[in-house]
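The structure appears below as structure tokens.
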Amino acid sequence: MVQATARHLLVSSEAQCEQLKQQILDGTDFADVAKAHSSCPSGAQGGDLGSFGPGMMVREFDEVVFSAPLNEVQGPVKTQFGYHLLEVTSRG
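Using UniProt numbering, the first residue of the sequence shown is number 1, and each one after it goes up by one.
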């Protein structure tokens with residue numbers, strides 16, 4: 001089974017998500033932004049979600065994680081939890 005590793009951050013608004021994405025694209029480290037702003041417990045680890053397979057995360061996550069280019073910030077991705085930025089760090 002294909003496995004992926006990814007990191008993400010979670011915020012409550014699309015506008016904040018867009019603003020944080022721009023900070024990352026402008027050079028701020030993804031992990032630093034996640035630690036400072038993510039409402040998910042993974043934020044303490046810089047948003048690191050570890051390794052997981054298809055179906056282990058919500059559908060919206062799977063659609064991005066198992067199709068997006070590696071090491072590119074994706075999002076905002078809306079789920080029932082809020083708005084996410086995702087970065088797939090490996091897949092294989």
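For every residue, glycine included, the Cβ atom is placed at its ideal position computed from N, Cα and C. The model shown is predicted, which means the values in this text are computed figures rather than measured ones.
Distance from the Cα of Ala36 is smallest, within the candidate group Pro76, Leu20 and Leu49, for Leu20.
Under a 10 Å Cβ-count criterion, Leu25 is classified as exposed, with fewer than 16 other Cβ atoms of the shown protein chains found around its own Cβ. DSSP links Ser51 through a beta bridge to Thr5. DSSP places Leu86 inside the beta strand (DSSP E), whose first and last residues are Gly82 to Arg91.
Just so you know, the alpha carbons of Leu49 and Ala6 end up roughly 6 Å apart.
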